[in-house]
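Q: Got a structure for you, written out below as C-alpha cells; questions coming shortly.
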Amino acid sequence: DNDTIKTAIHIENTSTGGHRWDIASIGSGVSGRVGNLQIRNDSDALNIVEITGAGNVGIGITSPADKLDLFDVNDNVGMYFHTTTSGTGSGQGLRVGQNNSNAFVWNYEATPLSLATTGAARLTVAANGNIRFNTYSAGTLVTDGSGNITVSSGGGAGGPYLPLAGGTMDATSGNIKFP
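Each number in my numbering comes from the position in the sequence shown (counting from 1) with 914 added on.
In C-alpha cells, the structure reads:
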C-alpha cells in the first residue's frame, strides 16, 4: 500500500492459524503518528508494536510516551525477565507490571529480591520473606520470625529495635503508618 494512511509491506500466511502481518510507515493522514513504524497483526486488527521517529517503542499502544511503553486492554500488563536458570515460562523468573488492582514486582524464584542505590543493596527480601535493611548507624537491621525489625549488631539509640518516631503499626494488617 502507498497512501496517506500508511505505506506497508504485507506478509500473509494462508495456512490454518496463519495471520496477515503489516510492517508499515504511518502516513500524513494519521494525526500525531506520521512517520511511525508499525508492526500490525492485520488479521486480528491489532497494533502490536509502534516505533516513533524519536525512538520510543510502544507495545500494545500507538503513541508511546517513553522509550518503552507497554499497554494491555485487559488491565494486566507486565514484563518478564528470564535466565537459563529460571526457565522461560509464565510464573518463572522476574515479572514487573501493573494490573487494575496494583503495581507489582514478582520474583518467582527462590532467590532474594533487592533494592539498591549507588551499587549497594539497601533493602533485601529473602526467599523466605525475611527483610534485611542494609545498614543502620546502630547496626544491621533484620526482621525476626514475628515480623519485628531488630538491630542484629550494635544497639543504637532506640535499643535493639528500630525507633520509628511518630509511626504506628496496624495490628490487623501489619502495615507501618507514618503521620
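All C-beta atoms in this analysis are idealised placements derived from N, C-alpha and C, irrespective of residue type, glycine included.
Looking at C-alpha atoms only, which residue of Ile919, Arg947, Gln952 is the closest neighbour of Trp935?
A: Ranking the options by Cα distance to Trp935, first place goes to Gln952.
Q: State the Cα-Cα distance for the pair Asn1014 and Val987, rounded to the nearest angstrom.
A: Asn1014 and Val987: Cα-Cα distance of roughly 11 Å.
Q: Please identify the residue among Thr1025, Val1039, Gly967 whose C-alpha is closest to the C-alpha of Thr999.
A: Among Thr1025, Val1039, Gly967, the Cα nearest to that of Thr999 is on Thr1025.
Q: Out of Gly974, Glu964, Asn927, Gly1007, which has the shortest C-alpha to C-alpha gap to Ile940?
A: Cα-wise, what sits closest to Ile940 is Glu964.
Q: What is the rounded straight-line gap between the Cα of Asp921 and the Cα of Ser929?
A: The sequence as given places Thr at residue 921; Asp does not occur at that position. For Thr921 and Ser929, the distance between alpha carbons rounds to 25 Å.
Q: According to the neighbour-count rule (16 or more other Cβ atoms, all chains shown, within 10 Å of its Cβ), is Asn961 buried or exposed?
A: Its Cβ being crowded by 16 or more others within 10 Å, Asn961 is buried.
Q: Nearest by alpha-carbon distance to Thr997: which of Asp989, Val991, Asn990, Gly1007 is it?
A: Checked all of Asp989, Val991, Asn990, Gly1007; the closest Cα to Thr997 is Gly1007.
Q: Over what stretch of residues does the beta strand (DSSP E) that includes Ser1097 continue unbroken?
A: Any answer about residue 1097 is impossible in this case: the structure gives the chain only from 915 up to 1093.
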